[in-house]
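Peer 1: Numbering (our numbering), first residue to last: 2 to 281. Virtual Cβ for every residue (Gly too), placed ideally from N, Cα, C.
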């Protein structure tokens, strides 16, 4: 395992946007945006996000590969915890070509690899988010990931998996509408979930710990945020939501990510958590 694992700062994986483009349509955000993203602006925005993240975390890079323009969205590569990665088995054929490249990176980096069968698509940290303590795993299903894949996550980490049904194609991954925060709060967009899932969320998060994001901020991918300690890095959001997060003790770092929204991604989609910090 690389030496950055277990350091006193968390580690993340990113992929430079050298080959990023909207080449196809596999979610509503891509409709009308094929080849309409500026690679120059995308690079500038990505580098701003990378710079903000390196202030508070270690960042590793995986090389982009021809034919895989969405590799930049590394959160979908797999789910990582305790040196183990459950590799993604992508729902759409357009992204399945990424799998061997990510598999090689994880193998070369010393991670133990858990394969998820093609018959039960699973799209990594895009659809699976640990709570801050790592004792509970929230996992989405219905649009990209199949609920049947969740049992592999339970077996891999011996963790409680709470399944959430996604119903709005605009919020096709859990991390686009659901963000557990380091202080025990939750930022989320309720209409993205079916009613049983809303009930489950409310049963685990008291009202005082739930930050309900309105549609306008949800469509800015406010919930697609990277949270490290008291810092939250995310796309541009409303002043109202920014103030609310600050009142809860967070430092809010806004990074314009408009070029990546054209493909249906923002801050959290562009990074994959590799490790947690070691608390001494």
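Touching or not, the region 235-252 and the region 26-43, by the rule of three or more beta carbon pairs under 8 Å?
Peer 2: No: the two stretches stay apart, fewer than three of their Cβ pairs being nearer than 8 Å.
Peer 1: State the DSSP-derived secondary structure class of residue 125, mapped to helix, strand or coil.
Peer 2: The answer is helix: DSSP assigns residue 125 an H, G or I state.
Peer 1: Between the Cα of residue 257 and the Cα atoms of 17, 25 and 50, which residue gives the shortest distance?
Peer 2: Answer by Cα proximity: 50.
Peer 1: How is residue 92 classed by DSSP in three states: helix, strand or coil?
Peer 2: Residue 92 falls in the coil class under three-state DSSP.
Peer 1: Report the CB separation of residue 86 from residue 15 in whole angstroms; it is logged as a contact under 8 Å.
Peer 2: Rounded, the Cβ-Cβ distance is 16 Å, inconsistent with contact.
Peer 1: Within the same chain, show all residues whose beta-carbon is closer than 6 Å to that of residue 119, passing over the 5 residues directly before and after it, in chain order.
Peer 2: For residue 119, where only same-chain residues beyond five positions count, the Cβ hits under 6 Å are 90.
Peer 1: Using 9 Å as the threshold, is the C-beta distance between residue 282 and residue 207 below it?
Peer 2: This structure cannot settle anything about residue 282, because the visible part of the chain is limited to 2 through 281.
Peer 1: Excluding five sequence neighbours on each side, which residues of the same chain lie with their C-beta closer than 8 Å to the C-beta of residue 115?
Peer 2: Here the set comprises 85, 86, 87, 88, 153 and 157.
Peer 1: Just to confirm, is the Cβ distance from residue 43 to residue 25 under 9 Å?
Peer 2: In this structure, residue 25 does not lie closer than 9 Å to residue 43 by Cβ.
Peer 1: Report the residue from 125, 179, 224 and 94 whose alpha carbon sits nearest the alpha carbon of residue 273.
Peer 2: Taking only the C-alpha atoms, the option nearest residue 273 is 125.
Peer 1: In chain order, what residues of the same chain lie with their CB nearer than 6 Å to the CB of residue 131, ignoring the 5 residues before and after it?
Peer 2: Excluding sequence neighbours, residue 131 sits near 138.
Peer 1: For my contact list, residue 283 and residue 226 are in at a C-beta cut-off of 8 Å; report their separation, rounded to the angstrom.
Peer 2: Since the first residue shown for the chain is 2 and the last is 281, residue 283 is missing from the structure and cannot be characterised.
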